[in-house]
Structure formats: C-alpha cells, structure tokens
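Visitor: Just passing along the structure, written as structure tokens.
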Amino acid sequence: MSHSPLHLIWFRNDLRLNDNPALFNAAKAGSVVGVFFICEKQWQEHNDSPAKLGLIADRLREFSKELKQKNIPLKIIAVDYFTEIPGKLTQFCKKHAIHDLWFNNEYPLNEKKRDDQTEQELKKISVTSHRFNGDVILPPGSVLNNSGSMFQVFTPFSNAWRLRANPEILTAFKPPRKQSELAIESDEIPQFGGEYRTDLWQVTTKSIHSRLHKFVERSEQSYKELRDFPAINATSTLSPYLTIGAVGIRECIQVLIETNSDEAFHRQWLTELIWREFYRHLIATNPRLSQGLCFKPVADNLQWQVNQSNFQRWCDGKTGFPIVDAGMRQLKQTGWMHNRVRMITAAFLTKLLRIDWRLGEAHFMQHLMDGDFASNNGGWQWSASVGADSVPYFRIFNPYRQAEKFDPQGNYVRKFVPELSSINDKKIHQPSTLSCETLGYPNPMIDYASERKKTLEIWSEFLNTAR
DNA sequence: TCCCCTTTCCT
DNA sequence: GGAAAGGGG
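See below:
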C-alpha cells in the first residue's frame, strides 16, 4: 500500500478539534500526525502558573483521546527552552518523511521568534510551513487606521474591527474527518504543572461547550448589568479555555450570534472579545510590549517605589483594604480573579503604592490559570496609565468607593476575607481600627486620600518635566 | 470601565 | 443637608 506523505501539526495554545484552521487545513491536505512540546524551563521564565500548566496537562490528556478518535496520533516532546524546538522538529520530520508543517501563530516575541526560526530551519530540509491565525478573528496587521498603522485607541479599533468581521470570517472551522489508521502510537502525557480546582474547571470539549452555551443562554439581559459585581457569577468564565485554546474565538462568537437575541448582551460580550483581539494585535505589531517596556515610551522613565514589604502585603492580601485583599486572596486560592477586582487591585498597586506594574503583571501570571501574556500585559499597562488607550493618570480608583458600588452587600469580601465575616454590610468595606484589631485583620496600610494626592502630584510633575 | 470638589437647587 | 450637575485632575 502506498502512502501519501504525512503532514505534521504542531499544537500549542490551540488544543481543540473544532475551529482550528491549522488542523482543518492539514487534514484536508492529507494524513496528519500531531506534536506538542513540553517546555518547562521556558514556561517558568514566562511565569506561567502551576494551575494553568496543570490545566494544560489535563486538557492535553483529554485532547489526545479526542484526536485518537480521529486516528490522529499525538506525540509529546519535552525540551527546556523554545530554542531547542527547531532541531527537534528537524529530526522528527526526517524520521517520518514529513514535508509540511502546520500551526496557528502565537504573537508574543519569543513565540514569534521560535516560529520564524523553526520555519527557516525546516526550509533547509524542504519542509514547508503553513501558518494560520486561529487565535484571532482578524489577523494582526489587518485592522489599520487611515495612515496604515495599528490603532492606539480601542474604540476606533473596535469600530473598524466590527466593519471588517463579516459572517464568513466568523464561521468556525469544522473538526477534521476521521482518517485511516497510522502506524504511529500516541505518547502518554506525562505529569506536569500543579494543582487547580478540578471541581470547577472541567477539560472535556463537551463540558467546555456546555459552559459556553449556558453562559450565552442564561445571561440574556443580565450580563451587561451584572458583570461588574464580583459576588455574582455573571461572567463567562471561559478565559482559561480561551487562553489555552480549548475553545476557539470563532466558536464563541458563532454561538453568541446563533443563540442570543439580546442586543445589549450581544454587544457587550463582543466588546470584551474585541478587547482580547486589540491586545493581541498590539503585541503582534509592537515588540516593545514583549520586552518589558511601556507602550508609551515616555513612561519608561517613571520612577516606581521599590518596597518589598509593601509589595508582599499586596501579594498576600493583607493591605487592610477589604476589597483588595479579597481579590488577592481569590487569586492565590483559586487561580482566578473577577475582572472588576483585577482593575481595583492593579490600580491599588500602581496608583496608591506606586509600585512597578511589571511586578504586578508577573505576580498575576504566576497565579492566574487564565494567565495570557497579551491580555495581562495590556490590562496592567492600562491600569498603570502607561499603555495604549490606558486610563488617564488622574483616574485613580478609590477602593472604598469601588467596593460600595460593586460589592454593596460585602458578599464578595465575606467570602475571601473570613476575618470580616461578622461585620455588617455598611462597615465591611471600612472596618474600624478597633474591630480590625480584635478580628486579627490588618489596619489599612496607607491613607488613601494622601496617597492619591501624592500620585497626582508625582505624575503631573513627571509629565511637565518629560515634555 | 474615575474621583472629588464646587455650585446650585431643592427640602 | 442631600441630590444633581459641572468642571478639572
């Protein structure tokens, strides 16, 4: 029996059969074998959290089974760093007489360099790389302003995005057909990463799709209003799956269009997904962002406070500001934090403690199971007023006001700061010095009003002299 | 995806 | 003395 040459699909953050353009097109071209690289040292350098890696390991185990049902074997190769991958892939392609490599692009700088180097190396042995943009609806660099460059402001970007995103583009790619059996065995998925709440985060495609459907169906009319309240489960909670690619962005939007008729919900969730695209387009078009630099070059000269003990109190959720502490403890305990509280805690670190946003960015990555470089970096630069379309420096979150507004009954605080569970609704966000002492909860580590004032002075002085 | 101070107008 | 509205950081 004569065989047509094998096609290799390299899986990374696209662990799904559905809506996977690289897989879809590879399978159309011929028989497919998959490969996934475990890169523990590289992941550690990127601050990927044990929880996120644990989720990837479990999803990979499940995904390998799903691939097997299509007779697609999945090989696993362990390396320390990305730089070893071109060599390993060269060997692999030689061994299996492969002439085509298929994958979906990733946009941070290290990933892009890895992929470009791989493409170059494989070209030397006549292997052609076929690259797709499966992680976004519109490819980075394709949504541009009138002068032909990337938007620096979200709203015009999102307007242009909406005009470009026609139904044809939004259609998800179908899963590959079952192919005839190959003489290659799938590898066992070794244990890697750490623990996460497996009771909350299932990894089967069925459970992930059901999460998506339940969210879109249940949230009619309530999402826009309730998404900002951390005590209420009104958000999609799909971010970990989007991050590791267990669900595709087209699938999400397709389900949204098909199922939900509520205009406000539809518009609002789509806006959130466009924010995700905005940040992906930014990192793809601006290498500074992957190099620890600010989107606004002038902001690279800001002087941040170096204060290890203050930083540690923030990390540990012991600032004495209940809403901040609840958020930081939710992050550590569950690997996830409600979006509103991410903004509150980030503003607290950057605008009230005046500590470098990059320390916060790293801490979030080290704990978030949905830790995503583009979204996390974008969010932190936004909060610190150093990024694209970021909050103006004088827009400083008041943790007390935010708490009263978005956690009016204190239920969120009560859940994660048990010391305060006996305090009534009115006082829980601002417990008195006396009750803090008796309950073993820290007093506020700073005076909000004076730190706010100081930040305003520092920034206004900085911008005056920088000009 | 803000906060705060001031003024104004009502009770 | 509180709600609403406006301006500025």
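The first sequence begins at 2 in the numbering used here and counts up one residue at a time.
We treat Cβ as the ideally placed atom computed from N, Cα and C, and that holds for glycine.
All values reported here derive from a predicted model rather than from experimental measurement.
#1: Tell me the rounded alpha-carbon separation between Arg355 and Ile57.
#2: Among the candidates Arg163, Thr199, Asn105, whose CA atom is the shortest distance from the CA of Met370?
#3: Going by DSSP, what residues sit across from Ser130 in a beta bridge?
#4: How big is the Cα-Cα spacing for Val33 and Phe133?
#5: CA-CA distance, Glu189 and Arg359?
#6: Quick check: the stretch 399-419 against the stretch 313-326, are at least 3 beta-carbon pairs closer than 8 Å?
#7: Determine the extent of the alpha helix (DSSP H) in which Cys253 is found, giving its start and end residues.
#8: Could you name each continuous alpha helix (DSSP H) segment of 4 residues or more that falls completely within the stretch 308-353, going from the start of the chain to the end?
#9: If you run the structure through DSSP and keep just helix, strand and coil, what is Leu213?
#10: Where does Glu458 land, buried or exposed, given buried means 16+ other C-beta within 10 angstroms?
#11: Roughly how many whole angstroms lie between the Cα atoms of Leu303 and Thr466?
#12: Excluding the 5 residues preceding and the 5 following Arg115 in the sequence, name in chain order all residues of the same chain whose CB lies nearer than 7 Å to its CB.
#13: What separation, rounded to the nearest whole angstrom, lies between the Cα atoms of Met2 and Glu41?
#14: Using the Cβ count rule (16 or more neighbours within 10 Å means buried), how would you classify Lys29?
#15: Which value, in whole angstroms, describes the spacing of the CA atoms of Ile258 and Trp44?
#16: What does a CB cutoff of less than 7 Å around Ile233 pick up in its chain, not counting 5 residues either side in sequence?
#17: Run through DSSP, which three-state label would Trp202 get?
#18: For Glu331, is the classification buried or exposed, using 16 other Cβ atoms within 10 angstroms of its Cβ as the cut-off for buried?
#19: By how many angstroms is the C-alpha of Leu68 removed from the C-alpha of Ser50?
#20: Which value, in whole angstroms, describes the spacing of the CA atoms of Ser423 and Pro231?
#21: Please state whether DSSP places Glu273 in a helix, a strand or coil.
#22: Count the other CB atoms, across all protein chains shown, that sit within 10 Å of the CB of Pro74; report buried if there are 16 or more and exposed otherwise.
#23: With a floor of 3 residues, list each beta strand (DSSP E) that falls wholly inside the stretch 386-441, ordered by position along the chain.
#24: Would you kindly work out how many angstroms separate the C-alpha atoms of Asp263 and Trp162, rounded to a whole number?
#25: Does Met2 come out as helix, strand or coil in the three-state DSSP assignment?
#26: Is it right to say Phe155 is buried, meaning 16 or more other beta carbons lie within 10 angstroms of its own, or is it exposed?
#27: What do you get for Lys428, buried or exposed, if any count of 16 or more other CB atoms within 10 angstroms of its CB means buried?
#28: From Arg453 to Tyr442, what distance separates their C-alpha atoms?
#29: Express the C-alpha separation of Cys316 and Gln431 in angstroms, rounding to a whole number.
#30: With distances taken between CB atoms, is the gap from Phe25 to Phe174 smaller than 8 Å?
#31: Let me check one thing: in DSSP terms, what residues is Val34 bridge-paired to?
#32: Grab me the residues of Ala79's own chain with a C-beta within less than 6 Å of its C-beta, minus the 5 sequence neighbours each way, in chain order.
#33: Taking all protein chains shown into account, do 16 or more other C-beta atoms lie within 10 angstroms of the C-beta of Leu164, making it buried, or fewer, making it exposed?
#34: Look at Arg17 and Gly246 and say whether their C-beta atoms are less than 8 Å apart.
#35: Beta-carbon within less than 8 Å of Met366's beta-carbon, same chain only, minus the 5 sequence neighbours each way: which residues are those?
#36: Grab me the residues of Asp326's own chain with a C-beta within less than 7 Å of its C-beta, minus the 5 sequence neighbours each way, in chain order.
Guide: Answer, in terms of the structure:
#1: 34 Å
#2: Thr199
#3: Leu102
#4: 16 Å
#5: 37 Å
#6: yes
#7: 250-260
#8: 309-317, 323-335, 340-348
#9: helix
#10: exposed
#11: 11 Å
#12: Phe83, Ile86
#13: Below a pLDDT of 50, predicted positions are generally treated as unreliable, and Met2, at 43, falls in that range; the measurement from the model is reported next regardless. If I take the Cα positions, the gap works out to 40 Å.
#14: exposed
#15: 35 Å
#16: Leu227
#17: coil
#18: First, the amino acid is wrong: residue 331 is Gln here, not Glu. Looking at its Cβ environment, which holds 16 or more other Cβ atoms inside 10 Å, Gln331 is buried.
#19: 26 Å
#20: 19 Å
#21: helix
#22: buried
#23: none
#24: 21 Å
#25: Because the pLDDT of Met2 is 43, which lies under 50, any placement of that residue in the model is unreliable, and the number read from its coordinates should be weighed accordingly. If DSSP states are grouped into helix, strand and coil, Met2 belongs with coil.
#26: buried
#27: exposed
#28: 23 Å
#29: 20 Å
#30: yes
#31: Leu9
#32: Ile39
#33: exposed
#34: yes
#35: His47, Asn48, Asp49, Ser50, Gly372, Phe374, Asn377
#36: Gly318, Lys319, Thr320, Val418
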